[in-house]
Amino acid sequence: MARTYHQEYQEKLISAEKAAGLVNSGDKLLYAVFLGRPVDFDLALAQRKEELWDVQITQSAGNVPGSSNSPWVDPSKEHFISNSWFFDGIDRKLHDQNLMYYNPVQFGQLQDIIASDLFPYDIYVQKVSPMDEHGFFSFGLANVNSLESCLGANTVILEVNENMPRVPGGSEDSIHISMVDYIIESSHTPLSVLPPAREASAADKAIAELLLPEIPDRACLQLGIGALPNLLGDLLCESDLKDLGIHTEIFVDSMVKLFETGIVTNKYKTTDRCKMAFTFSLGSREMYDFMHENPLMASHCGRYTNNSRIIALNDNFISINNTVMVDLFSQACSESNGPRQISGTGGQLDFINGAWHSRGGKSFLCLNSCYTDKEGRIKSRIVPTLPPGSIVTTARTFIDYLATEYGKVQLKGKSTWQRAELLISIAHPQFRDELVQAAAAMKIWRRSNKIE
1 MARTYHQEYQ EKLISAEKAA GLVNSGDKLL YAVFLGRPVD FDLALAQRKE
51 ELWDVQITQS AGNVPGSSNS PWVDPSKEHF ISNSWFFDGI DRKLHDQNLM
101 YYNPVQFGQL QDIIASDLFP YDIYVQKVSP MDEHGFFSFG LANVNSLESC
151 LGANTVILEV NENMPRVPGG SEDSIHISMV DYIIESSHTP LSVLPPAREA
201 SAADKAIAEL LLPEIPDRAC LQLGIGALPN LLGDLLCESD LKDLGIHTEI
251 FVDSMVKLFE TGIVTNKYKT TDRCKMAFTF SLGSREMYDF MHENPLMASH
301 CGRYTNNSRI IALNDNFISI NNTVMVDLFS QACSESNGPR QISGTGGQLD
351 FINGAWHSRG GKSFLCLNSC YTDKEGRIKS RIVPTLPPGS IVTTARTFID
401 YLATEYGKVQ LKGKSTWQRA ELLISIAHPQ FRDELVQAAA AMKIWRRSNK
451 IE
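Position 171 of the sequence shown, counted from 1, bears residue number 171 in full-length UniProt numbering, the numbering being contiguous throughout.
The following block contains the structure:
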């Protein structure tokens, strides 16, 4: 007769307030990333602010409305010190108010860092799906480092939310009740959904049309998030491409549409054949419903999805990501605006490396050639040198292709003067002359260079 886990569940069940009461001054807390971040526990912990001192909390883009009530709103930083692996809009605002610190990490290395003595922590808290009949809680839309974090914690607290989809594996996609110390039955706050991406601009459309011919039949795709990937997904759905596959870090709405239109079949992938591999997801309620108990999905830990060697096993791997600014040395800043952190390193470099080692693989960093600043002035996103304090997300030695609305260029293997020429050729025409002058002053320009 199959064992039931109801009694063990009841024995470990406590209120959010009692769970927060387990935290002591000086403790280091680790929250699950993205939609796995706890809500009820977080708010209960905030109520103990005046009782606690020097409690460190690390999370990642919690994307939770009402974060003004969260414990990291502590201007004194005497009670709570808060860190994030990856900033969302809420994290950015807290950082601008000096209430949040960034913790630099390449997502493919996150599990190994947590498993090592480089990142000590005491308590791990995660939002999960309800327990199944076998005693397992699914990590749902937030796998990444979840199981590794449970294994390394002195205390594991799960916050059960009936809105969290149960997403099959994959690998390390769930945890058994025997490995859990405490369970909270939450108030079942609805999962955050991403607002619709801004309408694609003319530049986005031009870039997407440049990328489309680079994707062959049976290619395996990794797409980021935002207007450009959404638009590219729409163009792919209208194309005559066949049998594409998905192996990605973030699973997004455009991938559902690609499957439902028959463009994505995953039949010719080397890894996770006939499945869509991912490690976390953000999007619409409809997408979350699509993923629930769907055997098409393969929820993997980040050590797997972001492993360049695993990525490279898939032929014709195409990686498409955004960047913010590129200099004439071809250094890409994808996560900051000068010294101001706006997102995170994430897995960009993991997938660029994986695509490079894939037979027939290519990676593309995409950006609009210019932007309009707060004073209404047009500024180039291709610059002589990155502004002081800018974070180099992808070094020049790793970049393969770069694309703007004015073209796409391959930089791999090129000299500094060749890179400068190629980059200037896809810069906004208004800025090309001054970029040539800057390149000459930087001694990365030849008189024979030609810009169309």
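Just so you know, even glycine gets a beta-carbon here, dropped at the ideal spot from N, CA and C. Note that the structure is a prediction, hence the values are computed from the model and not measured.
- What number of angstroms, rounded off, separates the C-alpha of Phe87 from the C-alpha of Val33? One C-alpha to the other measures close to 11 Å.
- Query: Leaving out five residues before and five after Phe431 in sequence, what residues of the same chain have Cβ atoms less than 6 Å from its Cβ?
  - Reply: Ser380
- Helix, strand or coil for Leu402, going by three-state DSSP, please let me know. Reduced to three states, the DSSP call for Leu402 is strand.
- Candidates Lys77, Ile113, Val39 and Cys237: closest to Arg303 by CA position: Ile113
- Message: Quick check on Ser448: does DSSP put it in helix, strand or coil?
- Response: The answer is coil: DSSP assigns Ser448 none of H, G, I, E or B.
- Message: Quick check: what's the CA-CA separation for Asn69 versus Glu17?
- Response: Low local confidence applies: a pLDDT of 49 at Asn69 is under 50, so the model's placement there is unreliable, with the coordinate-based value given in what follows. Approximately 15 Å between the Cα atoms of the pair.
- Using the DSSP secondary-structure output, state which residues sit across from Ala298 in a beta bridge. Ala277
- Item | Stretch-stretch touch, CB-based, cutoff 8 Å, three pairs: the region 434 to 444 with the region 368 to 384 | yes
- Can you give the beta carbon distance from Ile157 to Ile175, rounded, assuming they're within the 8 Å contact cut? Wrong, their Cβ atoms sit about 12 Å apart, outside the cutoff.
- Item | CA nearest to the CA of Asn368, picked from Ile426, Thr416, Arg396 and Glu421 | Here the closest residue by C-alpha is Ile426.
- Check the C-beta distance from Glu405 over to Ala203 and give it rounded, since I have them as a contact under 8 Å. 4 Å
- Message: Tell me the DSSP secondary structure of Val256 in three-state form.
- Response: helix
- Task: State whether the region 139 to 147 contacts the region 50 to 57, with contact taken as three or more CB pairs (one from each stretch) at a distance under 8 Å.
- Result: no
- Message: Can you tell me whether Lys267 is helix, strand or coil according to DSSP?
- Response: coil
- Item | Those residues which DSSP pairs with Gly245 across a bridge | Cys220
- Task: Give the DSSP-derived three-state secondary structure of residue 488 in the structure shown.
- Result: Any answer about residue 488 is impossible in this case: the structure gives the chain only from 1 up to 452.
- Message: Using the Cβ count rule (16 or more neighbours within 10 Å means buried), how would you classify Glu209?
- Response: exposed
- Message: With a threshold of 7 Å on Cβ separation, who are the neighbours of Glu11 within its own chain once the five nearest residues in sequence on each side are excluded?
- Response: none
- Task: Note the first and the last residue of the continuous alpha helix (DSSP H) segment covering Val436.
- Result: Arg432 to Ala441
- contact_flag[the region 283 to 303, the region 311 to 328] where n(CB pairs < 8 Å) is 3 or more: no
- Message: For a minimum of 4 consecutive residues, which ranges assigned as the alpha helix (DSSP H) are wholly contained in the region 305 to 345?
- Response: 308 to 312
- Query: Hey, how far is the Cα of Leu386 from the Cα of Thr248?
  - Reply: It is roughly 29 Å from the alpha-carbon of Leu386 to the alpha-carbon of Thr248.
- Message: Is it buried or exposed, Lys269, if we count other Cβ atoms within 10 angstroms and call 16 or more buried?
- Response: Lys269 is buried by the Cβ-count criterion.
- Message: In the DSSP output, which residue or residues are listed as bridge partners for Val144?
- Response: The partner list for Val144 (beta bridge, DSSP) reads Cys301.
- Query: Among Ser60, Met100 and Asp91, which has the Cα closest to the Cα of Phe107?
  - Reply: Ser60
- Item | Collapsed DSSP secondary structure at Gln418 in the structure displayed | helix
- Given a threshold of 16 other Cβ atoms within 10 Å of its Cβ, counted over all protein chains shown, does Ser187 qualify as buried or as exposed? exposed
- Item | Pair within 9 Å by beta-carbon distance, Asn316 and Ala440 | Against a cut-off of 9 Å, the Cβ pair of Ala440 and Asn316 comes out as no contact.
- Cα-Cα separation, Trp356 to Val409: One C-alpha to the other measures close to 15 Å.
- Express the C-alpha separation of Glu162 and Pro65 in angstroms, rounding to a whole number. Residue placement at Pro65 is flagged as unreliable, the pLDDT there being 49, under the threshold of 50; the coordinate-derived value follows with that caveat. Their backbone Cα atoms lie some 18 Å apart in a straight line.
- Message: Check this for me: beta carbons of Glu214 and Tyr5, under 9 Å apart or not?
- Response: no
- Message: If contacts are defined as beta-carbon pairs under 8 Å, then Leu422 and Lys414 qualify, I think. What distance do you get, rounded to the angstrom?
- Response: 7 Å
- In the structure shown, what three-state DSSP assignment does Ala19 receive? The answer is helix: DSSP assigns Ala19 an H, G or I state.
- Message: Taking only three categories from DSSP, how would you classify Gln7?
- Response: Residue state for Gln7 is assigned as helix, using DSSP reduced to three classes.
- Query: Where in the region 153 to 241 do unbroken runs of the beta strand (DSSP E), each at least 3 residues long, occur, reported from the N-terminal end onward?
  - Reply: 155 to 160, 174 to 176, 182 to 185 and 220 to 223
- Query: Nearest to Gly13 by CA position, among Tyr182, Asp253, Gly26 and Val252, is which residue?
  - Reply: Gly is not the amino acid found at residue 13; the sequence shown has Leu there. Answer by Cα proximity: Tyr182.
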